[in-house]
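In short: position in the sequence shown from 1, add 443, done, that's our numbering.
Ideal placement from N, C-alpha and C gives every residue a C-beta, glycine not left out.
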Amino acid sequence: MKLPLALLAPWRFNLTGTRWLALGLVLLAVFGAAGWACFMHTANWWVGSAAIAGVFEAMLWNSVFSYMVLPAIDAHQLRLPGMQRSLFVGWAFYGVLSLLLPAIGIGLWVGKVAVIAVFVGLFCLAGLLWALLPRYLGIVVYAPFYAAAVHARSLLSLGHSGFLIWALPLALLLLLLAMARVHRLVVASEPYVSGRHGPPVLRIGRGIGGAFAAGRGRYGSRAIAARPDWMQARASLRGCGPGHPVASLRLALGGSLMPTSVMGWLHRKMAMLAIIFAVCGFMLWQTLGRAFQGSPTIDRHTSQLLVLSMLGGFVSASMVFNCGIELLQRWRKSSAELPLLALLPGLRSGGFDVKRHLLWAILLPPLRIQLVLMAVLLALATSLHVDTSMKFYVLASQASATVALVAYTLFVTGGQTAGRWANLGIGLFWGVLLTFPLFVSGLDLHPANLAMTRLTVLFDAGWILLIALLAWLGRRGWRGLQQRPHPFLPN
């Protein structure tokens with residue numbers, strides 16, 4: 444076994460898109476932690492920088508490094524011990540590197556190298572175990588972070604002097620649990636048997652390579668059939684038929700576009716609703732209690748609205764991403780039933796009517812959710828009497844998601860491709876704009892501050908530029924859709 448081969452193993456067994464995702468997460472972690480350190484002029488600035496680095500490293504281990512268990516399983520079944528050792532050595536090297544970089548980059552400035560290393564290690568192990576454990580158990584590993592957020596001055600807090608008393612044993616326990624889980628998955632006789640007790644890394648990872656091209660992955664037929672009965676979509680046939688082409692197209696497209704009953708919609712959105720209600724309940728508990736510790740320069744209600752707006756922005760971005768994945772699956776399957784949709788009764792032969800019905804069928808369900816979310820956040824901003832910049836942030840974050848939803852729908856149905864660099868750039872730019880208020884929450888927000896005024900102008904100009912770029916992409920997609928003789932043509 445050669446060390447260079449071991450270091451390249453995690454990247455050779457990953458897709459090109461996954462490697463770009465890893466690069467994006469590393470850049471977000473570096474620039475996010477550095478931005479917080481530069482803009483937050485408080486004594487505990489290192490806590491926020493460590494938290495930002497930990498969150499993005501948890502995402503890195505959950506979405507990139509966790510999938511190394513798949514070639515390790517294959518190497519065990521093919522009796523290739525050298526390949527298996529290379530994977531584990533590469534895994535260990537990047538694990539140590541994930542701890543040392545933030546520990547040295549942040550910990551040396553404040554003299555807390557061990558604290559930062561253990562804290563970031565907890566995040567990395569939590570992200571890894573989220574992918575290795577069953578879904579209903581994965582959320583348990585984040586319980587210490589929830590408790591630390593609720594009790595900001597307790598022993599669970601990163602800034603407490605006794606943090607290592609509980610954090611170091613917990614980190615060792617999670618490490619042993621991760622090693623035991625990997626060993627069990629690797630040596631299992633039938634590791635790829637799907638079921639409700641299977642870990643996400645096996646249920647999603649096997650289809651991630653051809654999810655776009657072959658319709659596998661999270662929204663594939665096998666993945667949907669493997670869901671438990673209570674998570675199955677309950678379609679509603681009300682309003683379908685030759686006289687209702689939009690509802691009929693939604694039913695034929697399936698997935699999240701399928702018209703469902705109220706209970707079916709609640710079953711499908713249960714996880715997302717649980718997270719939203721948990722965050723809203725936490726905000727309400729902070730409002731009624733005395734446990735709130737926000738920024739010293741902005742009031743409590745503005746800080747809570749900021750957190751809710753950021754959560755709404757990421758929910759909207761994930762909805763755009765999931766909708767785009769579904770459309771890519773349906774329009775990139777060369778042997779799919781997509782052309783058969785043209786035979787649905789009630790669709791006229793005119794191209795414009797068919798395209799209009801198709802766009803309404805795709806955009807109507809997510810746009811309803813998007814507009815309701817925007818209305819709720821704007822109503823909260825108005826009732827709390829926040830300043831104009833905060834209202835603009837709420838409006839721009841939701842408007843950009845709406846424009847992105849329309850733009851990528853037109854792009855896919857119009858047979859256009861944005862390119863890897865364009866998608867990566869838009870995603871990173873969008874993420875920076877969503878998290879930018881965190882970096883300035885500790886600054887002097889008084890209008891007389893000239894530097895803050897210029898920063899606000901640049902921030903608003905960034906949102907306008909992003910919306911204009913998405914509108915330009917939507918215009919390209921609209922032109923491509925107009926030039927197509929029929930919208931039901933695979934790309």
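Where does residue i sit, in a helix, a strand or coil, going by DSSP?
{"i": "Thr-860", "result": "coil"}
{"i": "His-519", "result": "helix"}
{"i": "His-687", "result": "strand"}
{"i": "Pro-447", "result": "helix"}
{"i": "Asn-457", "result": "coil"}
{"i": "Asn-487", "result": "coil"}
{"i": "Pro-782", "result": "helix"}
{"i": "His-828", "result": "coil"}
{"i": "Gly-548", "result": "helix"}
{"i": "Gly-641", "result": "coil"}
{"i": "Pro-930", "result": "coil"}
{"i": "Val-507", "result": "coil"}
{"i": "Ala-535", "result": "helix"}
{"i": "Pro-880", "result": "helix"}
{"i": "Glu-500", "result": "helix"}
{"i": "Glu-769", "result": "helix"}
{"i": "Arg-919", "result": "helix"}
{"i": "Pro-577", "result": "coil"}
{"i": "Arg-775", "result": "coil"}
Could you say which of the options lies nearest to residue i if we only look at CA atoms?
{"i": "Phe-757", "options": "Ala-844, Ala-818, Ile-805, Leu-912", "result": "Ala-844"}
{"i": "Phe-499", "options": "Ser-529, Asp-517, Leu-470", "result": "Leu-470"}
{"i": "Gln-813", "options": "Lys-798, Leu-838, Asn-934", "result": "Leu-838"}
{"i": "Thr-899", "options": "Val-558, Ala-785, Gly-570, Ser-832", "result": "Ser-832"}
{"i": "Gly-570", "options": "Ser-699, Leu-853, Ala-496, Leu-901", "result": "Ala-496"}
{"i": "Leu-932", "options": "Ala-911, Thr-856, Ala-861, Val-875", "result": "Thr-856"}
{"i": "Pro-642", "options": "Ala-477, Phe-456, Ser-509", "result": "Ser-509"}
{"i": "Ala-476", "options": "Trp-552, Leu-901, Met-511, Lys-834", "result": "Trp-552"}
{"i": "Leu-645", "options": "Pro-782, Leu-619, Leu-572, Gly-605", "result": "Leu-572"}
{"i": "Glu-633", "options": "Leu-827, Leu-513, Trp-609", "result": "Leu-513"}
{"i": "Leu-620", "options": "Ile-608, Phe-606, Leu-607, Ala-574", "result": "Ala-574"}
Express the C-alpha separation of residue j and residue i in angstroms, rounding to a whole number.
{"i": "Ala-501", "j": "Ser-752", "result": "22 Å"}
{"i": "Phe-474", "j": "Ala-494", "result": "13 Å"}
{"i": "Leu-448", "j": "Ser-529", "result": "7 Å"}
{"i": "Phe-872", "j": "Ala-760", "result": "12 Å"}
{"i": "Leu-877", "j": "Val-630", "result": "43 Å"}
{"i": "Leu-615", "j": "Met-701", "result": "45 Å"}
{"i": "Leu-848", "j": "Ala-804", "result": "13 Å"}
{"i": "Leu-802", "j": "Met-622", "result": "48 Å"}
{"i": "Asn-892", "j": "Asn-505", "result": "Only weak support is given to the placement of Asn-892: the predicted model assigns it a pLDDT of 45, under 50, and the value that follows is read from those uncertain coordinates. Going from the Cα of Asn-892 to the Cα of Asn-505 covers about 41 Å."}
{"i": "Leu-748", "j": "Ala-472", "result": "24 Å"}
{"i": "Lys-445", "j": "Ala-452", "result": "11 Å"}
{"i": "Trp-864", "j": "Pro-782", "result": "31 Å"}
{"i": "Asp-887", "j": "Phe-562", "result": "Low confidence applies to Asp-887: its pLDDT is 44, below 50, so where it sits in the model is not reliable enough to give any reading."}
{"i": "Ala-610", "j": "Lys-834", "result": "39 Å"}
{"i": "Val-689", "j": "Ser-840", "result": "29 Å"}
{"i": "Thr-459", "j": "Ala-861", "result": "16 Å"}
My assumption, with CB atoms under 8 Å, is that residue i sits in contact with residue j. Please give the rounded CB distance.
{"i": "Val-556", "j": "Gly-550", "result": "4 Å"}
{"i": "Leu-916", "j": "Ala-822", "result": "Leu-916 to Ala-822, Cβ: 30 Å. No contact."}
{"i": "Arg-624", "j": "Leu-576", "result": "7 Å"}
{"i": "Ala-515", "j": "Gln-527", "result": "6 Å"}
{"i": "Leu-867", "j": "Trp-463", "result": "6 Å"}
{"i": "His-929", "j": "Ala-824", "result": "No, His-929 and Ala-824 are not in contact; Cβ-Cβ is about 44 Å, not under 8 Å."}
{"i": "Tyr-836", "j": "Pro-880", "result": "6 Å"}
{"i": "Asn-934", "j": "Arg-775", "result": "6 Å"}
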